[in-house]
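When we follow my numbering, the leftmost residue of the sequence shown carries the number 30, and every step to the right adds one.
Here a beta-carbon is modelled for each residue, glycine too, at the ideal position from N, C-alpha and C.
Below is one structure, written out as structure tokens, with a few remarks after it.
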Amino acid sequence: MDLRDKRLDLILQQLEELPTLPAVAVRVLQVTSDDASSASDVVQTISADPSLTARILQLTRRADRGVRDEIQSVDRAVVMLGFDAVRNAVLAVSVFQALGTTSPSTAKSPAGAGGSEAKKFSREEFWKHCLAVACCAELLAEEAGGVHTSDAFVCGLLHDLGKIALDVAIPKSYARVVEAAELLRGDIADLERTVIGVDHQVAGKRLAERWQLPAAVRDVCWLHGQPPEALPQAVKSQLINLVTLADQLVRQQHLGYSGNYAFSVARDSLLSATGLTAAKVEAVVAAIIPRMEPRLSALGLDQSTGDELYRRALDQANRELGKVSGQLAAKSKRLSQRTHFFDALQQFQSGLRGDATPLLVMSAIARTAAGVIGLDRTAAFSLTPAQDYAEAALCDADGGVIESQLVELPGMSDVTESSPLTEEELSAIRALSGETQREPGEHNGSAAGSPAMGANALPAASSKRVPASLLPGDGPVLPAGDSIEWLTGALSPKLPNERRFWICLQAEGACIGGLVWGAPAGEAERLLPQAQELAALSHGWSLALRMAQVRDEARTLSEELAEANRQLHTTQDVLLRTRALTTVGEMAAGAAHEMNNPLAVISGRSQLLARTITDDKQKAMARLIHEQADRLSDIITEMMAFAKPNPPKALPCEVGSLITGGLTRAKAQADPADRGVEVKIGAVPKVAVDAEQVTAALSEVLINAIHATDPKTGRIAVQAGHDPWSGRVVINIKDNGCGMDEATLKRAFDPFFSSKPAGRRRGLGLAKALRWVEASGGSIRLESRAGEGTRVLVVLPGDPAAAGNPGRGTGAKSPSERQNGSSGGSAVISVAGSPAGALASESDASGRRVGQTPVESPSDDQKRQPLPAGQERTPQM
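Right, here's the structure in full:
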């Protein structure tokens, strides 16, 4: 048995403890139900109680039949009216005596919402209603037929027996039911089941069974108010329908007090079931009050004339009309407010584009809030779940963004998930907010600006990021205090007034944003009557903001996916190139190992032949064999250096020294003729690379540039720059040479590839350069078009220790640079092909020459000198 069933049993037990019917009434019911009883038995039983005799004679007299003087004794009443009529009269009088006709004078109902006393259950007015229903049912029975009029009268009189029984058994609980019915103007039976757990119909049925009342009375107490088609076949449906119709007619005439304001059964349905017409019903309504007058005193009610009854009914109808009018006016005002809010919500939603960003949504939220709440300036923020930043915007009344910011929130991605807080975390939040523990169900009555307790779905990454929490019943508007100053600290001071209030926007239990504004104290209380509308509006805001966040996340995800796809293709290309280089390296290493011994034999034997033979021609041939064997040995050495380069030794290096070294080596291995090389080095930091390998790589690139340009009109530009975001240094080498077509550009880094069909070199220059630069953590990229020249971008990692203090790149500043305050410089080097060499003139940023340095042209012997491992003497192309 659950709690509701247990409570119902306790209430029914209290009904069992109600007073029983007087002994005379019980005896009369027994005698009239016994077929062997006679009229004298009934007369003798009733006459034993003189008070009962007098009231029964009053009740049985009928003013409309002109027999008032004919019934002067109980004998005459039994003869004229029969056993059933006398029994019903006894029953009515006895019930009135048992339950009383006046309410307890000591009990006062609590004050209602308006400050006046709440509606009481007036027993006297209730019995007047029951008497009016009885008289109306009697009149309807006379018109419809098929039901004894005395049965209709007593059933109409006792149809609401359960109400008076509940008021007697549990007066305080029933007073709450009456108060709620007066406020809600609905079906009192529904409120009885909600507040008490049982309605008056079941209570009346139980009491009728306990008092052993006739079955017709029991069924009417239980089933009145039901639609005709819903009644069981085993009951007297005509009698029940007549009482239901009579109850509706009396309540419409405002005779007495019923406590019920609902008309759940259609009158047409009742007229059809009883066989009555509307005209007959109107005639019956006109005769109710004259039928009531002679019976009021018989039942112990006040002696009221027909005019007084009409006047009271009219007063009651006017009061009801005033209440209904007031309620309709309040509802009309409420509906007008809701219309205003929902119009604002519709305009908000229709004004948003399908691809609106969170910032545009925040602007629209600010514009809508200004219209419905009356705000001049607001601060809105978007807090995307699982992100460590928030987007905040200060907006005017038209939604214009005055200022926007991105606020970094380290650790916020862990607390914007919709996971509930533990009790310990909630206690910590209360302590941080300076709150005291409340009793369960206590309403938050704190003043505006003080923190509130409650919801655990809002961000709380640290003690400074604990938001104002929600308490059920407070509404969506909350005092902000210090709870979200961490998020809008830069924008909140620009809001009007000193106090801050906010509406939290939530999705899936997590805070995704909010609206903050400044207002005087009491703002939350001012907007509390509009809490439902604001909640609906905030839900619309939340949905739009979350959709914008999801679109933003999807857009970012697609971009990241495209970037990952691009990186995947790049990685695949690198893997393929690495695999090819590894294969070539293994082949070169194997070939070198296999050819070294034969070459040693060839070289040694050719030297021996050159010393032993005397014929000059043959001696020259032997020396040629020796030279070509040495040349092949150099090729093998170069292939070994490419296949297995030395591990890089990354050290801080000046970019200028790398470029100068590369130019010197390029000039040593290629014929510069009259080509001009212009070098511009900005304020770049040092790089952390293997200086030897990177210098050799730059020389390979420059050799290609020299060979690709015209000896007289060729120009080569070398520039160095620094990217502070990535910390990398970029060396840009551009020439105005012949360029490369698309096929050549795709294979430029392939080992042993050369575009020259005759007398081509080994094709390892750019392949070695790429391998050396990548070994130091850099990269090389080519841009070229046939006939327009080539651009080579060499990207090198900057030195972390020197990244914050970039220098000129070529060493310390010259005195002239220090005097002029120059932070960088440029060098223009003219590479001439004269045997005496060439001069490289350096100039500062203003173009003034600051010094000369001779660049020697290598002799043929120098060209044949052994080079460092990995270098080649001739250009690739």
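- Here Leu637 carries a helix assignment [DSSP, helix/strand/coil].
- Excluding its 5 nearest sequence neighbours in each direction, Phe155 has C-beta neighbours in its own chain below 6 Å: Tyr286, listed in chain order.
- The C-beta separation of Gly542 from Phe410 comes to about 6 Å, placing the pair in contact by the 8 Å criterion.
- Between the segment 601 to 608 and the segment 579 to 587, the count of Cβ pairs shorter than 8 Å is below three; the stretches do not touch.
- At a cut-off of 4 residues, the continuous stretches assigned as alpha helix (DSSP H) that sit fully inside the segment 368 to 425 are 387 to 401.
- For the pair of segments examined, the segment 153 to 170 was found to touch the segment 267 to 287: the number of CB pairs separated by less than 8 Å reaches three.
- Ranking Leu423, Leu412, Gly254, Ala415 by CA distance to the CA of Asp405 puts Leu423 first.
- In the DSSP assignment, Arg296 falls within the alpha helix (DSSP H) that extends over 296 to 303.
- Taking the Cα positions, Ala163 is about 51 Å away from Leu556.
- One thing to note: Leu637 has its Cβ no nearer than 7 Å to the Cβ of Ser662.
- If you draw a straight line from the Cα of Asp372 to the Cα of Pro508, it comes to about 26 Å.
- If you check the CB distance, Val730 and Ile688 do not come in under 7 Å.
- Within the same chain, Pro256, Pro257 come within 7 Å of Ser298 by CB-CB distance, once the 5 residues on both sides are set aside.
- The shortest C-alpha to C-alpha distance from Ala408 to any of Met391, Pro414, Gly400 is the one to Met391.
- If you compare the alpha carbons of Arg324, Pro522, Trp570 with that of Leu389, the shortest gap goes to Trp570.
- Listed in chain order, the alpha helix (DSSP H) elements of length 4 or more contained wholly in the segment 628 to 705 are 645 to 672, 684 to 698.
- Under DSSP, His751 takes part in a beta bridge, and its partners are Val758.
- DSSP places Gly185 in the uninterrupted alpha helix (DSSP H) bounded by 178 to 186.
- Per DSSP, Ala536 is not a residue of any alpha helix (DSSP H); the beta strand (DSSP E) it occupies stretches across 528 to 536.
- Linking Met576 to Lys360 through their CA atoms gives a straight-line distance of about 34 Å.
- The C-alpha of Gln277 is placed about 31 Å away from the C-alpha of Asp38.
- For Glu154, no pairing in a beta bridge is given by DSSP.
- Contact annotation: Ala737 and Asp764 have beta-carbon atoms nearer than 7 Å.
- Val718 is bridged by DSSP to Leu680.
- Taking the Cα positions, Val824 is about 5 Å away from Ser808.
- If you ignore the 5 residues before and after His158, its C-beta comes within less than 8 Å of the C-beta of Asp189, Val279, Arg280, Leu284, Gly285, Tyr286, Ser287, all in its own chain and listed in chain order.
- Contact annotation: the segment 174 to 182 does not touch the segment 205 to 217, with fewer than three C-beta pairs closer than 8 Å.
- DSSP, read as helix, strand or coil, puts Arg814 in strand.
- In the structure shown, Trp570 adopts helical secondary structure according to DSSP, grouped into three states.
- Leu544: member of the beta strand (DSSP E) spanning 539 to 548, first to last residue.
- Under the three-state reduction of DSSP output, Leu242 falls in the coil class, being neither helix nor strand.
- For the 7 Å CB-CB criterion, Gly191 and Gly233 form a contact.
- Boundaries of the alpha helix (DSSP H) harbouring Val802: 794 to 804, taken from the DSSP string.
- If you keep only unbroken alpha helix (DSSP H) runs of at least 4 residues inside the segment 217 to 285, you get 217 to 224, 229 to 239, 244 to 252, 266 to 281.
- For Arg528, the closest alpha carbon among the candidates Gly794, Gly547, Val119 is that of Gly547.
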